[in-house]
Structures are given as structure tokens and as C-alpha cells.
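Worksheet: one structure, shown below.
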Amino acid sequence: QVENALFKVHATQISRMSIAFEEMFSVGTQLPLIEGMEGSSDDRPIIIPELSMNMFELFLSVAYSR
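Shown next as C-alpha cells:
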């Protein structure tokens with residue numbers, strides 16, 4: 291989630307474009323996804339407060355253009 295927008299994206303796709311996402315998701319793959327864990331559902335999104343929605347949309351346009 292960026293600002294108030296929920297984005298459903300492929301972890302592998304955005305991990306290819308960002309070391310921060312790569313590290314975030316590599317830690318998560320070592321553990322089983324637990325119900326209630328951040329990122330496990332729409333009700334428990336991964337919140338990224340450092341980015342604006344416009345910047346994240348720009349990042350996604352690059353990540354998905356490949």
C-alpha cells in the first residue's frame with residue numbers, strides 16, 4: 291500500500307528492479323506466510339510510507355515494461 295492505494299503486484303517482478311524489494315521478499319520466502327502477517331491479505335498490506343503514489347506508479351511502469 292502506498293498512500294491510500296492498494297497495489298497488487300508480483301514480488302518477483304518488482305524484486306528484479308529494486309534491491310530493497312529483493313531483500314524484503316527474500317526474507318519472506320524463508321518463512322511460511324502466516325495469516326495476519328504483513329502482506330498476507332488485502333487487510334494486512336505491506337505499507338510503504340517512503341513513496342508517493344505517483345513515484346510508485348512510475349516505478350511500476352518501468353518494472354512492468356520489460
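Just so we're aligned, residue 291 is where the sequence shown starts under the working numbering, counting upward by one. Ideal Cβ positions, reconstructed from N, Cα and C, are used throughout, including at glycine.
Out of the options, state which residue places its alpha-carbon closest to the alpha-carbon of residue i.
| i | options | result |
| --- | --- | --- |
| L296 | S316, F315, S308, I336 | I336 |
| L341 | H300, F311, Q303, T302 | F311 |
| N294 | M307, S308, M314, M343 | M343 |
| S355 | I304, V292, Q291 | I304 |
For residue i, which residues from the same chain have a beta carbon less than 8 Å from its beta carbon, with the 5 sequence-adjacent residues on both sides left out?
| i | result |
| --- | --- |
| M327 | R334 |
| I338 | Q291, V292, F346 |
Which residue or residues does DSSP assign as beta-bridge partners of residue i?
| i | result |
| --- | --- |
| R334 | S331 |
| A295 | V292 |
Looking only at its own chain, which residues have a Cβ that is under 6 Å from the Cβ of residue i, when we skip the five neighbours before and after it?
| i | result |
| --- | --- |
| A367 | Since the first residue of the chain shown is 291 and the last is 356, residue 367 is not available in this structure. |
Can you list, in chain order, the residues of its chain with a C-beta nearer than 7 Å to that of residue i? Leave out the 5 residues immediately preceding and following it.
| i | result |
| --- | --- |
| D332 | L296 |
| K298 | none |
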